[in-house]
Structures are given as C-alpha cells and as structure tokens.
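Asks: Numbering (our numbering), first residue to last: 130 to 341. Using N, Cα and C, we set each Cβ at its ideal position, and we do this for glycine too. Mind looking over this structure? Questions follow.
Spelled out as structure tokens, the structure:
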C-alpha cells in the first residue's frame, strides 16, 4: 500500500467516493502527507482558515457515526434508493449511512472564523476558502491509494458534534470525510459527468452552453 505514482490528471479523473474500507490501519505519516497537500490550497487573503480534526479513537468514531446515521435517516439517505444512481452506488451510500463510525479514520474539516461578527454566516465565499483544501485532501488520498467520501449531512447535528469534540464557538464544521483503504467492493475509476460543452459558455452566457 502507498503511492500509486499517478499523474494529477489521472487522480482527478479516477477520484470518486469510496464508502467501504478494509480494516487496515492508515499510517500516521500517510495522514500527515495527505494533510500537507490539503494545506497547500488557496484561501481568501491567504487566511488559511482550515482546521482538521483527525479521529481514530474507536469510541469517538462510533459516536460520530451514530450522529451521521441519524442525520441520514432524517434526510432519507440510505433508506430508499436515490433515483438516477446505480444499485451498486445506492448500496454503497446505504453502507456508509450505517457504518461511518467503522472507517479507519474520520477527518472533520472545519472553518475557523477569524472575524467574530461573521461566525455562522456560511456563504459561497466562505466555502471558497475551505473546500479547495478538502479537494486537495481527496486527491492526495487518491494518489496514495486511499479512499474518501465528501459528506456534509452530519451538520444536522453540528452542535452535538462540536460539544463531543470540544470545537470552539467560532469554528464551523465543513465536511466529514471517512478515510481508509478501499474494500474489494469499491474501486477507483471515472465517474459520469456532463460534457464540458454542456456546461461552458464563452465570453458571455448564451442560450446553450458551448455556443460562441
């Protein structure tokens, strides 16, 4: 296990949500290498507001997993098949809904508000200074042969999770990411995406994306 020596574009192309993991331990040095990649991300005014909580304690993971399961049940995730997704993907989503706490590592990506007046005022601009770091984390994990899944439904129990982990009031959670080596049922590979021509406009918004 370790680096697969793949190009950046190959990592981008083949990185996908992995929701089932082996029991293999993720070495500390691998986690640190992944986080080193995460903190190279850009942020507004270079404030670097990201904070990461790496959770390996089994009891703590189980408690967070319980909150995640309850949030999924509230949102209807994992209870009924999601339209448009294959049975395999739906099975994977259901598995994570009930087994989040069993992942070898949980990484909670957080945003620290440095301006107290802005605490809790989550906007697209706030996200622009945390989610690039999260994407770096996902890609670095992929390059090292580890699976991840970007999830946010845990935020339904934001206050409970913050109390559990001792997170300060001026910090907001942004993503809960399970991290581990993919189980045999999971594999990296390209995901279906709309073609560039369908989502790209040139010079100005046109009647149909791709028109010039």
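#1: In three-state terms, what does DSSP make of residue 191?
#2: On a CA-only basis, which of 222, 184 and 148 is nearest residue 295? Give me that one, please.
#3: Ordered along the chain, which non-local residues of its own chain (more than five positions away) have a Cβ less than 8 Å from that of residue 320?
#4: Measure the C-alpha to C-alpha separation of residue 165 and residue 265 and round it to an integer number of angstroms.
#5: For the beta strand (DSSP E) holding residue 307, just list the boundary residues, first then last.
#6: Measure the alpha-carbon distance for residue 211 versus residue 163 and round it to whole angstroms.
#7: Helix, strand or coil for residue 408, going by three-state DSSP, please let me know.
#8: I'd like the span of the alpha helix (DSSP H) that includes residue 180, first residue to last.
#9: Start and end of the alpha helix (DSSP H) containing residue 328?
#10: CB-CB under 7 Å to residue 202, same chain, minus the five flanking residues each way: which ones, in chain order?
#11: Can you list, in chain order, the residues of its chain whose CB lies under 8 Å from that of residue 310, leaving out five sequence neighbours each side?
#12: Within 10 angstroms of the Cβ of residue 213, are there 16 or more other Cβ atoms? Answer buried if so, exposed if not.
#13: On the three-state DSSP scale, how would you describe residue 315?
#14: So, are the CB atoms of residue 271 and residue 170 less than 8 Å apart?
#15: May I ask which residues mark the beginning and end of the alpha helix (DSSP H) holding residue 272?
#16: If residue 259 sits next to residue 279, beta carbons under 8 Å apart, how far is it from one beta carbon to the other, in whole angstroms?
#17: Using CA atoms only, rank isn't needed, just tell me which of 292, 269 and 288 is closest to residue 158.
#18: Between 142, 167 and 204, which lies nearest to residue 284 when the distance is taken from Cα to Cα?
#19: Under 8 Å, do residue 179 and residue 242 count as touching if we go by C-beta distance?
#20: According to DSSP, is residue 170 helix, strand or coil?
Replies: The short version:
#1: helix
#2: Comparing alpha-carbon positions, the option among 222, 184 and 148 lying closest to residue 295 turns out to be 184.
#3: 145
#4: 9 Å
#5: Its beta strand (DSSP E) spans residues 300-309.
#6: 31 Å
#7: Because the chain spans 130 through 341 in this model, residue 408 falls outside it and cannot be assessed.
#8: Here residue 180 belongs to no alpha helix (DSSP H); instead the beta strand (DSSP E) covers 179-184.
#9: 325-328 is the extent of the alpha helix (DSSP H) around residue 328.
#10: 208
#11: 130, 150, 151, 153, 155, 233, 274, 275 and 276
#12: With fewer than 16 Cβ atoms within 10 Å of its Cβ, residue 213 is classed as exposed.
#13: Annotated three-state conformation of residue 315 is coil, per DSSP.
#14: no
#15: Its alpha helix (DSSP H) spans residues 260-272.
#16: About 12 Å separates the beta carbon of residue 259 from that of residue 279, a gap too long to meet the 8 Å contact definition.
#17: 269
#18: When each option's Cα is compared against that of residue 284, the closest is 204.
#19: no
#20: coil
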